[in-house]
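Visitor: Below you'll find the structure I mean.
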Amino acid sequence: MKCRFFLLDINEHRSEAKPTVRLWGLDDAGNRVLILSSMIMPYFYYVPGGQQTAESARQRIVEAKAKFPKILQVEVQKGKLLGRQCELLRVTCSELGVLSSYAKAIRKMLQGSCYEDDLRLSVRYLIDTELTACGWQDFEVQPLKSELGEQTVDRLFVAKSFPSRIVDETPPKLRVLAFSLLTAGERGSANPRKDPIRAIAVAVDGRKAEAFVNEGEDDSKAISEFIAFHNRFDPDLVVGFESNNSAWPYLIQRCKLQQVKLALGRDGSGPHTSLFGHVSIAGRANLDLSDIASGIPEIKVKTIQNLARHLRVPSVDEIETIDELERYALWDDTSNRKRLIENVKSSTAALLELAEFTVNFPMQLSALTGLPLDQVLAAAVGFRVDSYLMKQAHMLGELIPRRVEQPYFTYRGAIVLEPETGIHEDVVVLDFSSMYPTLMEKYNLSPDTLVKAGEKVSDDSVFTVPEVNHRFWKKPDGFYRTVLRRLLNERGRIKGEMAEAAEKSTLLRVLKERERAVKIITNACYGYAGWAGARWYAKEVAESAAAIGRDTITRTIQKANAVGLKVIYGDTDSIFVKDDRDRVDQLVRWVDSEFGLEIKREREYVRVLFTEAMKRYAGLLRDGSLDIVGLEVVRGDWSDIARQVQEQVLVRILRDQSSEKAIQDVRATIRKIKNGEVAMSDLTIRKTLTKQIEDYKVRTPHVEVAKLLVREGWELGVGDKVAYVIVRGSGKLFQKAKPPGGLGPRDIDVEYYLDNQIKPAAMRILERFGVSESQLAV
DNA sequence: GCTCGTTGCTTACCT
DNA sequence: ACAGGTAAGCAACGAGCG
Numbered sequence: 140m141k142c143r144f145f146l147l148d149i150n151e152h153r154s155e156a157k158p159t160v161r162l163w164g165l166d167d168a169g170n171r172v173l174i175l176s177s178m179i180m181p182y183f184y185y186v187p188g189g190q191q192t193a194e195s196a197r198q199r200i201v202e203a204k205a206k207f208p209k210i211l212q213v214e215v216q217k218g219k220l221l222g223r224q225c226e227l228l229r230v231t232c233s234e235l236g237v238l239s240s241y242a243k244a245i246r247k248m249l250q251g252s253c254y255e256d257d258l259r260l261s262v263r264y265l266i267d268t269e270l271t272a273c274g275w276q277d278f279e280v281q282p283l284k285s286e287l288g289e290q291t292v293d294r295l296f297v298a299k300s301f302p303s304r305i306v307d308e309t310p311p312k313l314r315v316l317a318f319s320l321l322t323a324g325e326r327g328s329a330n331p332r333k334d335p336i337r338a339i340a341v342a343v344d345g346r347k348a349e350a351f352v353n354e355g356e357d358d359s360k361a362i363s364e365f366i367a368f369h370n371r372f373d374p375d376l377v378v379g380f381e382s383n384n385s386a387w388p389y390l391i392q393r394c395k396l397q398q399v400k401l402a403l404g405r406d407g408s409g410p411h412t413s414l415f416g417h418v419s420i421a422g423r424a425n426l427d428l429s430d431i432a433s434g435i436p437e438i439k440v441k442t443i444q445n446l447a448r449h450l451r452v453p454s455v456d457e458i459e460t461i462d463e464l465e466r467y468a469l470w471d472d473t474s475n476r477k478r479l480i481e482n483v484k485s486s487t488a489a490l491l492e493l494a495e496f497t498v499n500f501p502m503q504l505s506a507l508t509g510l511p512l513d514q515v516l517a518a519a520v521g522f523r524v525d526s527y528l529m530k531q532a533h534m535l536g537e538l539i540p541r542r543v544e545q546p547y548f549t550y551r552g553a554i555v556l557e558p559e560t561g562i563h564e565d566v567v568v569l570d571f572s573s574m575y576p577t578l579m580e581k582y583n584l585s586p587d588t589l590v591k592a593g594e595k596v597s598d599d600s601v602f603t604v605p606e607v608n609h610r611f612w613k614k615p616d617g618f619y620r621t622v623l624r625r626l627l628n629e630r631g632r633i634k635g636e637m638a639e640a641a642e643k644s645t646l647l648r649v650l651k652e653r654e655r656a657v658k659i660i661t662n663a664c665y666g667y668a669g670w671a672g673a674r675w676y677a678k679e680v681a682e683s684a685a686a687i688g689r690d691t692i693t694r695t696i697q698k699a700n701a702v703g704l705k706v707i708y709g710d711t712d713s714i715f716v717k718d719d720r721d722r723v724d725q726l727v728r729w730v731d732s733e734f735g736l737e738i739k740r741e742r743e744y745v746r747v748l749f750t751e752a753m754k755r756y757a758g759l760l761r762d763g764s765l766d767i768v769g770l771e772v773v774r775g776d777w778s779d780i781a782r783q784v785q786e787q788v789l790v791r792i793l794r795d796q797s798s799e800k801a802i803q804d805v806r807a808t809i810r811k812i813k814n815g816e817v818a819m820s821d822l823t824i825r826k827t828l829t830k831q832i833e834d835y836k837v838r839t840p841h842v843e844v845a846k847l848l849v850r851e852g853w854e855l856g857v858g859d860k861v862a863y864v865i866v867r868g869s870g871k872l873f874q875k876a877k878p879p880g881g882l883g884p885r886d887i888d889v890e891y892y893l894d895n896q897i898k899p900a901a902m903r904i905l906e907r908f909g910v911s912e913s914q915l916a917v
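Structural data, given as structure tokens:
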């Protein structure tokens with residue numbers, strides 16, 4: 140029989156007779172389905188080295204079969220290794236575990252090299268069958284009587300065919316469960332070894348959020364209630380915030396201690412830490428929405444509230460932010476417990492709402508890259524590209540190289556122009572569309588088309604990159620060219636479909652996220668090529684793209700000047716010119732005919748201000764809004780009060796064109812600070828720990844405060860933001876930095892905030908208008 | 001032992 | 001743990017001074 144199937148999760152199982160892939164998902168009737176497939180056996184490739192032929196290598200392996208009892212088959216095949224045709228052996232084994240050891244042994248015995256022995260069976264299956272994660276496909280299946288015991292699916296099948304893809308982008312209705320833990324430790328961070336879970340909040344569609352509360356020392360009842368609720372609801376998606384590094388490890392540890400079986404998987408297994416440091420639950424997708432927030436640079440402090448605010452999910456606005464440092468005190472005071480519990484319930488309800496808003500993007504990214512939903516959100520950009528390229532390589536008959544430790548080389552990057560400082564009216568930004576991927580595609584920049592240095596080739600068969608002199612074959616199409624062409628076409632295709640789709644339709648929402656996913660992968664290919672961790676690392680490719688980019692922008696600037704356009708600034712793939720429609724049009728046409736590239740009018744500034752620095756400017760757009768780039772306003776490591784004051788100044792300067800009003804505003808703020816009328820939250824400065832505390836060579840405010848917090852029992856690690864204020868006193872700045880908790884505006888160092896926050900932020904702008912610092916005195 | 005200019009560590013931004 | 005280019009603050013260092 141046939142099963143139309145949407146894939147949610149995939150894993151492999153070793154205990155069964157044959158290596159088996161488990162495909163978890165839904166059918167088109169909304170049943171939860173598990174399909175077992177043993178149709179692909181583990182295998183790897185061997186490419187003979189030296190004089191050896193594939194056939195002679197095959198014989199030697201077969202002769203040595205005593206050493207390789209788990210080999211099922213050795214076949215001679217043709218394949219491609221970085222574009223070069225070669226003969227190779229496909230070595231199929233009966234067990235997963237032997238792949239790398241056999242590959243190693245064969246390499247030792249015969250020289251040559253092995254490929255794809257590093258792929259897990261689930262990855263193997265996804266790649267070979269072109270299965271779409273988070274997408275629909277048809278399977279020929281046979282029903283199976285349940286032999287799995289605890290699994291909780293509605294339908295259990297054995298696959299009788301490979302999947303055949305259905306073009307349907309709309310996901311099925313999924314059951315989503317949001318959860319959060321409430322924990323509190325008497326001193327510092329809650330410690331799962333001694334501090335019980337105080338409450339577990341859950342939220343699912345169609346009911347009010349609830350919490351399983353534990354007021355004593357034994358949280359096993361609350362945990363069991365949570366497990367029962369979870370399994371009764373049987374979610375497809377489990378969402379949390381910071382759950383991968385906080386809630387899940389805590390819960391797992393508590394369960395170990397309390398000897399509660401945390402059987403949340405659809406096969407009865409517990410959550411476990413997986414590939415990208417995320418937590419995986421068999422048969423479901425566990426999503427940590429803080430990963431969504433991390434992908435949005437405008438959100439400086441990654442919280443549920445800030446994510447909601449950014450996405451304009453209004454109901455979340457009323458949720459109180461409770462500082463972790465105050466939590467125990469609130470819990471300890473029983474009159475406040477209810478407030479805490481209500482708080483965690485409402486944030487959990489908010490999480491559920493946010494999941495609705497945000498899940499389409501990771502789903503599309505999953506469908507595109509082939510990484511299962513839970514992995515794709517946790518995986519860094521480089522691994523997403525890696526996964527996408529692996530799928531593409533297989534379709535093109537290319538062997539997939541292994542990730543190797545290799546020396547890393549930097550190279551010269553893009554050009555940034557010194558801006559014409561001051562105010563300019565009527566400025567338009569001209570951007571090259573997808574410059575780097577377009578150049579890579581156009582000039583066939585790819586590891587497999589790179590001509591070895593010193594190799595003699597005819598000049599017209601290759602393209603020679605200006606300045607760096609790398610050469611690339613004009614023919615045939617390289618791997619990156621093929622892949623980028625597909626991506627660029629796909630994006631065009633989606634845009635076409637979007638134009639057809641009904642406004643506010645589900646389809647349009649899905650297409651929008653699909654387009655975003657394609658764009659992200661496309662634009663990451665350049666950086667990926669220059670990343671030493673990439674399977675298809677080729678410094679020359681990235682270096683060449685950058686060099687051609689420099690050449691292109693430089694010549695465009697020359698042409699702009701030649702046609703009488705005044706160039707005010709430029710960075711990498713953009714130039715800012717004083718607007719002149721006809722001349723801009725002329726330049727656009729020239730870029731098209733000279734380079735075959737598209738340059739487009741993008742932002743139009745009524746008025747734009749450049750400070751003396753590159754990458755820092757602010758402009759007034761036609762709709763009256765400000766576009767602020769690089770300045771303190773958009774930096775997360777300045778106090779809010781300094782950012783606010785600078786934004787006010789920019790509004791006064793750009794919109795009202797009045798430095799006098801700006802001065803008045805700054806003075807008003809200075810007065811407020813002096814009077815202690817500015818809230819601590821506006822004075823707080825935050826910086827990220829980018830390494831282990833012990834590894835710092837210099838004493839800085841945020842590291843000193845981090846050390847202090849660690850001494851108090853707080854757990855702080857890489858990636859955490861440290862909040863501090865500067866208090867009155869003597870000595871170095873790092874000696875005056877303190878955690879804001881328990882301090883008031885009277886404790887702060889007013890001089891510091893005026894001299895090192897307010898005035899520099901304001902003067903950065905005002906000094907361009909002849910205002911001196913003394914004019915800010917009150 | 002102090003001041004002052006320089007160097008280098010550090011973070012966060014831009015494209 | 002996609003790239004390089006850039007600004008900016010502050011600690012650390014070392015030279016020069018007395």
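Add 139 to a position in the first sequence, counting from 1, and you land on the number used in my numbering. Cβ coordinates follow ideal geometry from the N, Cα and C atoms, glycine included.
1) Go to residue 298, then tell me how far its beta strand (DSSP E) extends in each direction, as first and last residue.
2) In whole angstroms, give me the CA-to-CA distance for residue 887 and residue 789.
3) Do residue 343 and residue 365 have their C-beta atoms within less than 8 Å of each other?
4) Would you check if there are 3 or more beta carbon pairs closer than 8 Å linking the segment 551-562 to the segment 752-766?
5) For the segment 607-626 against the segment 712-726, are there 3 or more C-beta pairs whose distance is under 8 Å?
6) What did DSSP end up calling residue 216 once you bin it into helix, strand or coil?
7) Alpha carbons only, please: which of 898, 867 and 895 is nearest the one belonging to residue 107?
8) I'd like to know whether the C-beta atoms of residue 422 and residue 404 end up nearer to each other than 8 Å.
9) Report yes or no: do three or more beta-carbon pairs, one from the segment 680-688 and one from the segment 578-595, lie closer than 8 Å?
10) Excluding the 5 residues flanking residue 234 on each side, which residues of the same chain have their C-beta closer than 6 Å to its C-beta?
11) What residues match up with residue 419 in a beta bridge as DSSP calls it?
12) I need the boundaries of the alpha helix (DSSP H) containing residue 500, first residue and last residue.
13) Quick check on DSSP: helix, strand or coil for residue 708?
14) Terminal residues of the continuous alpha helix (DSSP H) containing residue 729?
15) Output needed for residue 152: all residues of its chain with C-beta closer than 7 Å, excluding positions within five of it in sequence on either side, in chain order.
16) Would you mind giving the Cβ-Cβ distance between residue 338 and residue 483, rounded to the nearest angstrom? I have them listed as a contact below 8 Å.
17) State the start and end residues of the unbroken alpha helix (DSSP H) segment that holds residue 700.
18) With DSSP as the reference, identify every bridge partner of residue 282, one or two as the case may be.
19) In this structure, what does DSSP give as the bridge partners for residue 823?
20) Starting from residue 570, follow the alpha helix (DSSP H) in both directions and report where the run begins and ends.
21) Determine the direct distance from the alpha carbon of residue 566 to that of residue 262, and round the result to whole angstroms.
22) In terms of residues, what are the limits of the alpha helix (DSSP H) holding residue 900?
23) What does the alpha-carbon distance come out to for the pair residue 711 and residue 570?
24) Please report the distance separating the alpha-carbon of residue 737 from that of residue 885.
25) Within the same chain, show all residues whose beta-carbon is closer than 8 Å to that of residue 165, passing over the 5 residues directly before and after it, in chain order.
26) Quick one: measure Cβ to Cβ for residue 257 and residue 239, integer angstroms, because I've assumed they're closer than 8 Å.
27) Per DSSP, which one or two residues make a beta bridge with residue 163?
28) Which residues share a DSSP beta bridge with residue 713?
29) At which residues does the alpha helix (DSSP H) containing residue 844 begin and terminate?
30) Of the choices 640, 251 and 672, whose alpha-carbon is the least far from that of residue 548?
31) Please classify residue 669: is it buried, with 16 or more other beta-carbons within 10 angstroms of its beta-carbon, or exposed?
32) Would you kindly check if the distance between the Cβ of residue 325 and the Cβ of residue 880 is under 8 Å?
33) Can you grab the Cα-Cα spacing for the pair residue 195 / residue 186, in whole Å?
34) Can you tell me whether residue 184 is buried or exposed, with buried defined as 16 or more other CB within 10 angstroms of its CB?
35) When burial is assigned at 16 or more other CB atoms within 10 Å of the CB, is residue 383 buried or exposed?
36) Going by the CB atoms, is the gap between residue 419 and residue 272 shorter than 8 Å?
Guide: Reading off the structure:
1) 294-298
2) 27 Å
3) Result no, Cβ atoms of residue 343 and residue 365 do not sit closer than 8 Å.
4) yes
5) With the rule of 3 Cβ pairs closer than 8 Å, the segment 607-626 does not count as touching the segment 712-726.
6) strand
7) The requested residue 107 does not occur in the structure, where the chain is confined to residues 140 to 917.
8) yes
9) The segment 578-595 and the segment 680-688 touch, with three or more beta-carbon pairs separated by less than 8 Å.
10) Same-chain partners within the cutoff: 209.
11) 411
12) 499-508
13) strand
14) 720-734
15) 159 and 161
16) 6 Å
17) 678-701
18) 296
19) BP columns for residue 823 are empty, so no partner.
20) No alpha helix (DSSP H) holds residue 570; the beta strand (DSSP E) holding it covers 561-571.
21) Residue 262 and residue 566: Cα-Cα distance of roughly 50 Å.
22) 898-905
23) 9 Å
24) 57 Å
25) 144, 145, 147, 171, 172, 311, 313 and 375
26) About 7 Å; that satisfies the 8 Å criterion.
27) 148 and 173
28) 570 and 710
29) 840-850
30) Of 640, 251 and 672, the residue nearest in Cα terms is 672.
31) Burial call: buried.
32) no
33) Between residue 195 and residue 186, the C-alpha separation is close to 12 Å.
34) buried
35) Buried, by the Cβ-count rule.
36) no
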